[in-house]
Amino acid sequence: MQDFFALFSHGIARNCPVHIKFLYEDLLNLKFLLVSMLTKCYDSIQRFTNREIYTMNKLGAMLVICLLGLTLTACNTASVMPAGSADTMDTDSAPAEPIMPAGSSGSSSVQDHDPNTRVYRDCSVTVLGYSIREDCDGDPALRVEYRFRNNSESPASFSTTVIPNAYQGDSEQALSYSTPSQNDPQYSALLTLLDPGESIVCAGYFKLSSTDLPVELEVKDLRDSSADALCRTLTIAGMPIETYLEASAKSK
Numbered sequence: 005m006q007d008f009f010a011l012f013s014h015g016i017a018r019n020c021p022v023h024i025k026f027l028y029e030d031l032l033n034l035k036f037l038l039v040s041m042l043t044k045c046y047d048s049i050q051r052f053t054n055r056e057i058y059t060m061n062k063l064g065a066m067l068v069i070c071l072l073g074l075t076l077t078a079c080n081t082a083s084v085m086p087a088g089s090a091d092t093m094d095t096d097s098a099p100a101e102p103i104m105p106a107g108s109s110g111s112s113s114v115q116d117h118d119p120n121t122r123v124y125r126d127c128s129v130t131v132l133g134y135s136i137r138e139d140c141d142g143d144p145a146l147r148v149e150y151r152f153r154n155n156s157e158s159p160a161s162f163s164t165t166v167i168p169n170a171y172q173g174d175s176e177q178a179l180s181y182s183t184p185s186q187n188d189p190q191y192s193a194l195l196t197l198l199d200p201g202e203s204i205v206c207a208g209y210f211k212l213s214s215t216d217l218p219v220e221l222e223v224k225d226l227r228d229s230s231a232d233a234l235c236r237t238l239t240i241a242g243m244p245i246e247t248y249l250e251a252s253a254k255s256k
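Residue numbering for the sequence shown follows our numbering, beginning at 5 and increasing consecutively.
Below is the structure:
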């Protein structure tokens, strides 16, 4: 084959015109150039492929070593873990029960069973009873008796911790506060400062607009506006107006 090409090239050099000879030589040089470039590209691809295979082999070996290390570490941790620790971890991962603030519904078993009691953040209030008496103006007034307990860490009184309001007929117009016509120690107890943990019985007065309509009583926490109010409906229809002598005799 080489002799054939040599003879063919010699024949072209002797018999063909000069311009045909130059064209053939250019094509022959171009062929050699293309063959040389293809050979270099093949060598580069072959070297690149070998290098990639070598790199993948190294990565695979490193991955196997890491997996073996993790397996050994897990086995050692399981063998060292003390008995009962799994139960502790499960207990810690469980969500804690939410703690409801004092004053909200369900915050105290006492107020759940006694609708007349409300436990607030810093105190507790219980409605003990109510009656109708004359106030300082000679008008009928509703007297509401409370038991107040100071649950805060500082001295406090009923009037500085909670505020009572009463409504009759109109839910937007509160009844006016009133004062007794005679001395009432429990009325004065509204302002008595109590040490933490102490309790007292006190009484407040509301001037009635009617002695027949029921009264809606609402006691709110002054220190926690988000706390539920103590709400009671007081039926007063047919109740007599007590005198202070009758009230004193009843208390005895």
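All C-beta atoms in this analysis are idealised placements derived from N, C-alpha and C, irrespective of residue type, glycine included.
Span separating the alpha-carbon of residue i from that of residue j
i           : j           : result
residue 167 : residue 182 : 14 Å
residue 142 : residue 186 : 11 Å
residue 126 : residue 173 : 32 Å
residue 149 : residue 157 : 25 Å
residue 234 : residue 251 : 26 Å
residue 211 : residue 171 : 10 Å
residue 196 : residue 161 : 5 Å
residue 145 : residue 159 : 30 Å
residue 230 : residue 222 : 14 Å
residue 283 : residue 118 : Nothing about residue 283 can be reported from this structure: the residues present for the chain run from 5 to 256 only.
residue 128 : residue 216 : 30 Å
residue 198 : residue 153 : 8 Å
residue 4   : residue 204 : In the structure as shown, the chain starts at 5 and stops at 256, and residue 4 therefore has no counterpart that could be examined.
residue 201 : residue 184 : 29 Å
residue 179 : residue 232 : 21 Å
residue 220 : residue 177 : 11 Å
Buried or exposed by the 16-neighbour rule on C-beta atoms within 10 Å, applied to residue i
i           : result
residue 214 : exposed
residue 140 : exposed
residue 241 : exposed
residue 247 : exposed
residue 175 : exposed
residue 225 : buried
residue 61  : exposed
residue 237 : exposed
residue 239 : exposed
residue 244 : exposed
DSSP beta-bridge partners of residue i
i           : result
residue 150 : 131, 206
residue 187 : Answer by DSSP bridge pairing: none, since residue 187 is not bridged.
residue 145 : 137, 211
residue 122 : 129
residue 220 : 171, 237
residue 181 : 210
Nearest residue (CA-CA) to residue i, options the options
i           : options           : result
residue 191 : 175, 197, 209     : 209
residue 249 : 227, 122, 61, 188 : 188
residue 138 : 227, 147, 130     : 147
residue 151 : 165, 135, 131     : 131
residue 228 : 133, 165, 219     : 165
residue 258 : 193, 135, 163     : Outside the shown range of the chain (5 to 256) lies residue 258, about which nothing can therefore be said.
residue 133 : 66, 194, 69, 207  : 207
residue 194 : 163, 69, 180, 179 : 163
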